[in-house]
Amino acid sequence: MIARVSLEIALRKEFDYFIPPELEGKVDVGSRVQVPFGPRKVLGCVTALAEESAHAKLKPILKIIGAQTLVTPKVLKLARWIADYYCCAPEIALKSVLPEAIRREEAGWRERLFVRAIPVNGEFPKLPKRQQEVWNIVEERRELSLSELLELAETTATTVRRLEDRGLVEIAPQISERDPYAREHILPSQPLPLNPAQAAALGKITKAMAASGAEKGKRGKGEKEQGGGEDSTSPFSSAPFPPFPSAFLLHGVTGSGKTEIYLQAIAHALAQGKGAIVLVPEIALTPQTVERFKARFSSGPQQTLVAVLHSHLSAGERHDEWHKIRQGRARIVIGARSAIFAPVEPLGLIIVDEEHEHTYKQEEVPRYNARDVAIVRGQMENAVVVLGSATPSLESSYNTRKGKYTLLELPERVDNQKMPHVRVVDMRQAARKEKGNLIFSPQLKEAITQRLERGEQTILFLNRRGYSTSLLCPLCGYVAECPNCSLSLTYHRPEQKLRCHLCGHIEPVPAACPNEKCRNPAIRYSGLGTQKVEDTLGKLFPNARVKRMDADVMKRKEDYRKVLGDFRAGKIDILVGTQMIAKGLHFPNVTLVGIIYADLALHQPDFRAGERTFQLLTQVAGRAGRGDVEGEVFVQAFTPFHPAIQYARRHDFNGFYDQEIEFREQLKYPPVTRAALLTVRGHNEDKVKFSAEHVRKELDKLVAGKGKGAEEKRGKGEKETEIVQQPDSPLPLFPSAPFRDLIIAGPAPAPLLRAESFYRYQLMLRTRQMSRLSQALAKIVTTLVLPEGVTLTVDIDPVSLS
Ligand code: ADP
Ligand code: ZN
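Here you go:
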């Protein structure tokens, strides 16, 4: 027998190996194997088995890693789709579906000896130097593998055994599973009786689950039938795309009881003998969120393990959680982005909470969006997918309007509370009256004073950390910029440093203007960050207890928990923060939310700027009035009449959608089309620019009626070429047929031309036939020869355009 193996070193190629007699019957599709490759031994994944190979003199597979096949054929298929759609090497896609802790050779339960610190009772003994050094490591790490310890401490097992003899550490094979939540005491919860809107939504979901259970095996055919045209497994394919009856968009305002629906839908999946995956944004993976799921399913008749996958787990914990799923003992998985690859089998339900969140997009290769992968996986495995949000993405809303997904709505809060009253404050007026830089309008100041008097809490939101956002000389116009990025440096007052928020560059604050010819000592700070808000609050309300929450102060998970705990306990009056505080937090005593500078996100050079602003304002406003007292929200803005702000003020999602989609239609931006962002980067700007022009020429060949001579047709300085769009024309039969609707823009300097000392030029492509474009791009990426030091990256359905 022959095994076809995809090697971890990306070669965009698979290799045949023969299965030696001793491994006969043990190697399967999805097995992790070690194979010889030249003089090296490398790891790979079996992607197919065959009777014979076209190649002679095959080398043997050396060994199998892990007792079970690690990649199920279904996940393997998903990885292939990712490689195709997101235009990356299959090896990379395959790699991303397995957590690092699972891929590595030594992964496995039985073989690993772990060293664990044992709590010391009484006095700590005096240790010889070597032992003390080893102990220091164990104490700091609490638990680590023996092999890692030996490496770190440069010592032998004997020294570690000495510590064991003293009762300071325990050395044991890790058969016992680690449970990252073992210390939490979780009380079981019961399903709540649903209100009519919830019941209606759940009814449709369970009906689809019943149907997909019955239809098992019927689907799957026809998936390949449209070869050459659009891939029907893509949720983004063009015109002739069948509706996907088991994808739902659950649009429910914050506090409308979405999570309760998730819980009951999961119970339904379990009753069908199937499992579920729940995706939440990393930031929302708080113990409280996990607890709600564990509480419902860790006891009672359907008792099952709930596995948790996210980046804060240790490698060991991740390994164990993953294998609990693979062995079928944990039927429910809750996790961040990559949990979409969890080997749940059979899979009945996928939930993507806060589906509009941009953290579902991976910003490195493979640049997949877990929300979209969820739809594809659901379709491949006949599972129901529920996307939930209080502020759905335009993409998902568009899909419901087009009949691809079914819309479920929860228009009211469970407790019948009113939506908070939102007031927009015109900061231009306020600034005229007050003169000078204004952080708090008189209205907001007054509202904060009231809250302090009444003992209620306030949240103030500003999505920018630091003290001042730029350092500027009023005489010569000098602006302190990062030497590596085209970005101005932010002033951080506590450390008296200027910092780049992109690459982390730090420099001291100059005493005078650094411009040799100027040397003005009266250099000025301008712009506003959370530190300055905190500072100013201290001056305005000296008796208020103020706490700031942003990436500068929240270095560890515990910090975050602590501040939220204090806030909940009423030990903090005013919480100031960045988007860290915008999401999912639920505090009954918060009756006021102030958005300091609402138009901040509007000024981004991004077609989604309005959408982002609308989502952010709605989410932040949703933090007010979750208790008995009605909430109030002040939105301070310099463009108070911007539609994103006005629709958010009225809690009018549909109004916002209609005007925004019109704008996207006009300019043919997603979701009306699909976009691909090509970035050419390198240290030498001329080379980068030249290469980008070269890429443009290759792309022009894809367009009908273009190719040779296209260059002349383009007017001077005109970067955008538009070919008449014919969305309803039949699909071209051949992949090489020209694109009729392809729009190519660029090359143009990226909004941040220089980032981390790389120059970047971008091209933006838009089409309705993204799967086909991906194929074409893959060809270009693999064949194009770029000058040394210049790279080209492809981002399909990009989220970040900077
Ligand atoms: P969302 O996920 O939409 O923000 P949640 O599911 O967290 O909303 O619900 C908000 C609150 O209402 C929670 O405390 C939840 O326990 C409660 N809740 C949800 N559904 C019901 C219901 N049918 N009856 C009573 N309370 C409910
Ligand atoms: Zn920088």
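Sequential numbering from 17 applies to the sequence shown in our numbering.
No residue lacks a Cβ here, since even glycine has one placed at the ideal position from N, Cα and C.
Just so it is clear, the structure is predicted and the values come from calculations on it, not from any experiment.
Asked: Three-way DSSP call (helix, strand, coil) for residue 395 in this model; Found: helix
Asked: Alpha carbon of residue 33 to alpha carbon of residue 67, nearest angstrom; Found: 11 Å
Asked: Between the CA atoms of residue 529 and residue 863 - distance to the nearest angstrom; Found: Any question about residue 863 goes unanswered here, given that the chain covers just 17 to 818.
Asked: Proximity of residue 13 and residue 692 at Cβ, strictly below 8 Å; Found: Residue 13 lies beyond the residue range present for the chain, which begins at 17 and ends at 818; the question has no answer from this structure.
Asked: Cβ neighbour criterion (16 or more within 10 Å) applied to residue 167; Found: exposed
Asked: Residue 612 (DSSP reduced to helix, strand or coil); Found: coil
Asked: Where the alpha helix (DSSP H) through residue 761 begins and ends; Found: Residue 761 -> not in any alpha helix (DSSP H); beta strand (DSSP E) instead, spanning 759 to 771.
Asked: Cβ contact check for the segment 72 to 90 and the segment 50 to 62: 3 or more pairs under 8 Å; Found: yes
Asked: For residue 519, the nearest candidate out of 165, 499, 386 (CA to CA); Found: 499
Asked: Residue ranges of each alpha helix (DSSP H) within the segment 429 to 489, 4 or longer; Found: 443 to 450, 458 to 470
Asked: Under 8 Å between C-beta atoms of residue 593 and residue 456; Found: no
Asked: Limits of the beta strand (DSSP E) - the one that residue 809 falls within; Found: 807 to 812
Asked: Cβ neighbour criterion (16 or more within 10 Å) applied to residue 271; Found: buried
Asked: Residue 263 vs residue 404 beta-carbon contact at 8 Å; Found: no
Asked: Alpha-carbon spacing of residue 445 relative to residue 687, whole angstroms; Found: 37 Å
Asked: Cβ neighbours of residue 278 in the same chain (closer than 6 Å, five flanking residues each side left out); Found: 367
Asked: Cα-Cα separation, residue 267 to residue 777; Found: 38 Å
Asked: Neighbour-count burial assignment, residue 312, 16 or more Cβ in a 10 Å radius; Found: buried
Asked: Exposure of residue 638, with buried meaning 16 or more beta-carbon neighbours within 10 Å; Found: buried
Asked: heavy atom of the ligand ADP below 7 Å from residue 818 C-beta; Found: no
Asked: 6 Å CB neighbourhood of residue 374 in its chain, flanking five on each side removed; Found: 815
Asked: Pairwise C-alpha distance: residue 378 and residue 719; Found: 29 Å
Asked: Close-in-space but distant-in-sequence residues of the same chain around residue 740 (CB under 6 Å, 5 per side omitted); Found: Here residue 740 scores only 34 on pLDDT, less than 50, and its place in the model is too uncertain to base an answer on.
Asked: Of the residues 758, 459, 470, 435, the one placed nearest residue 652, counting alpha carbons only; Found: 459
Asked: Per-residue DSSP class, three states only, for residue 565; Found: strand
Asked: For residue 385: DSSP bridge partner residues; Found: 377
Asked: Cβ-based burial, residue 246 [other Cβ within 10 Å; buried from 16]; Found: With a pLDDT of 38 at residue 246, under the threshold of 50, the modelled position of that residue is not reliable, and the figure given next carries that caveat. Its Cβ being crowded by 16 or more others within 10 Å, residue 246 is buried.
Asked: Residues near residue 301 in its chain [Cβ-Cβ closer than 7 Å; skip 5 each side]; Found: 326, 352
Asked: Buried/exposed call for residue 473, threshold 16 Cβ in 10 Å; Found: buried
Asked: Segment contact, 8 Å Cβ cut-off, at least three pairs: the segment 490 to 504 with the segment 645 to 665; Found: no
Asked: Contact check, residue 286 vs residue 347, beta carbons under 8 Å; Found: yes
Asked: Minimum length 3: unbroken beta strand (DSSP E) runs contained in the segment 582 to 667; Found: 590 to 593, 606 to 611, 648 to 653
Asked: Minimum Cβ-Cβ distance from residue 37 to chain C less than 8 Å; Found: The structure shown contains no chain C; it is built from a single protein chain.
Asked: Three CB pairs or more closer than 8 Å across the segment 666 to 676 and the segment 762 to 773; Found: no
Asked: Counted within 10 angstroms of its Cβ, other Cβ atoms place residue 215 as buried (16 or more) or exposed; Found: exposed
Asked: CA-to-CA distance, residue 65 to residue 618, given in whole angstroms; Found: 53 Å
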